[in-house]
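Residue numbers (our numbering): 3 to 315.
Here you go:
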């Protein structure tokens, strides 16, 4: 198994690794690595660390080519979205000087800024809250929306919920789960194959949009639960409605600070108006980077007060 330090080193060419090996960092808790041309490297973990490494334009180009396995054009479609995905579910945001591409889109021509977002896998992190997410008598999954600000770990929680629904737990049978993983972050999909554990009864679609992916899953894989990440656009409401009327439970995430915050966002109004979501999980984080959750029912009644989200050792 790759060490935590090794996971970080894999993003850099051999000639740039020595300086990273000398850094005294808690590699296990690193969330982001921000590279800016001719500026010190900044690492976000429990706090922000400013490192002595400074990369010039040539270094940035070498790092980018290395991340693309010396085949930049093979990643052209992802570059048009402003990021590339790595094996293991890590996402590299990229920008710099843009040039026009087809369909009115733009693509980064000269890469001068990168944000390496590190994917973390914490199994059983969702176990303590799963009992709230089933119907009491039938023990069938409810439709759930995870609400969280960026960087709190909503995708990590979503992934573990998918795994537990898929594999089952004591007193709860496993079920078929369909995942629409647009950006490859849920399953860490690399060339179509999951590199992160999403369960034995899980089928995954990457690369397509939510509506297209849900349509394929419902039509050909008969999922009991459909899981999607980061909803909020108007077209997402149509995708969720399609899953709901097809008899599937929905498992989704959205950016927000609270249930009230989500309800105040115009783009979320249509989604909530469908009344398909039966449980809301709200995530938060304190200054020590401890994560907490609260659970609400469809009407906004609190079912579980602020509780620590346990990360198993």
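Positions of the beta carbon are idealized from the N, C-alpha and C atoms, including for glycine.
Beta-carbon separation of residue i and residue j under 8 Å?
i           : j           : result
residue 231 : residue 197 : no
residue 53  : residue 94  : no
residue 115 : residue 97  : yes
residue 213 : residue 241 : yes
residue 167 : residue 151 : no
residue 131 : residue 264 : no
residue 199 : residue 219 : no
residue 300 : residue 277 : yes
residue 313 : residue 124 : yes
residue 29  : residue 65  : no
residue 39  : residue 57  : yes
residue 258 : residue 149 : yes
residue 284 : residue 251 : no
residue 245 : residue 207 : no
residue 145 : residue 233 : no
residue 186 : residue 87  : yes
residue 18  : residue 61  : yes
residue 221 : residue 269 : no
residue 291 : residue 48  : yes
residue 2   : residue 127 : For residue 2 there is no data in the structure shown, the boundaries of the chain being 3 and 315.
residue 261 : residue 302 : yes
residue 171 : residue 253 : no
residue 113 : residue 184 : no
Quickly, what does DSSP pair residue i with across the bridge? List them, please.
i           : result
residue 254 : 147 and 230
residue 136 : 143
residue 208 : 183
residue 309 : 295
residue 100 : 110
residue 304 : 298
residue 317 : Outside the modelled stretch of the chain, which goes from 3 to 315, sits residue 317, for which no answer is possible.
residue 119 : 34 and 93
Exposed or buried, residue i, counting other C-beta atoms within 10 Å across all chains shown (16 or more means buried)?
i           : result
residue 24  : exposed
residue 122 : buried
residue 193 : exposed
residue 161 : buried
residue 1   : A query on residue 1 cannot be resolved here, the shown segment of the chain reaching from 3 to 315 and no further.
residue 275 : exposed
residue 79  : exposed
residue 26  : exposed
For residue i, I'd like the list of residues in its chain whose CB is within less than 8 Å of its CB, leaving aside the five on either flank, ordered along the chain.
i           : result
residue 173 : 141
residue 203 : 168, 169, 176, 177, 178 and 179
residue 100 : 108, 109, 110 and 111
residue 67  : 74
residue 120 : 9, 10, 32, 33, 34, 35 and 92
residue 3   : Low confidence applies to residue 3: its pLDDT is 46, below 50, so where it sits in the model is not reliable enough to give any reading.
residue 305 : 134, 281, 297, 298 and 299
residue 349 : The requested residue 349 does not occur in the structure, where the chain is confined to residues 3 to 315.
residue 85  : 93, 94, 95, 96 and 185
Is residue i near the ligand ATP, judged by its Cβ being under 7 Å from some heavy atom?
i           : result
residue 282 : Among the components of this structure there are no ligands whatsoever, and the ligand ATP is therefore not found.
Who are the near neighbours of residue i in its chain, counting only those whose CB is closer than 6 Å to its CB and skipping five residues on each side?
i           : result
residue 239 : 272 and 273
residue 308 : 294 and 296
residue 223 : 180 and 205
residue 20  : none
residue 287 : 154 and 293
Please go through the same chain and pick out, in chain order, the residues whose beta-carbon is closer than 7 Å to the beta-carbon of residue i, but skip the five residues on each side of it.
i           : result
residue 153 : 33
residue 190 : 90, 91, 121, 196, 197 and 198
residue 16  : none
residue 137 : 144
residue 156 : 148, 150, 255 and 285
Quick check on residue i - is its C-beta less than 8 Å from some C-beta in chain D?
i           : result
residue 136 : Here chain D cannot be found, since the structure has a single protein chain.
| Hey, which unbroken runs of the alpha helix (DSSP H) at 4 residues or more fall wholly within the region 23-90? | 59-69 and 78-82
| message | List, from N- to C-terminal side, the alpha helix (DSSP H) runs of 4 residues or more that fit wholly inside the region 157-193. | response | none
| query | Hey, which unbroken runs of the beta strand (DSSP E) at 3 residues or more fall wholly within the region 245-294? | reply | 251-257 and 281-287
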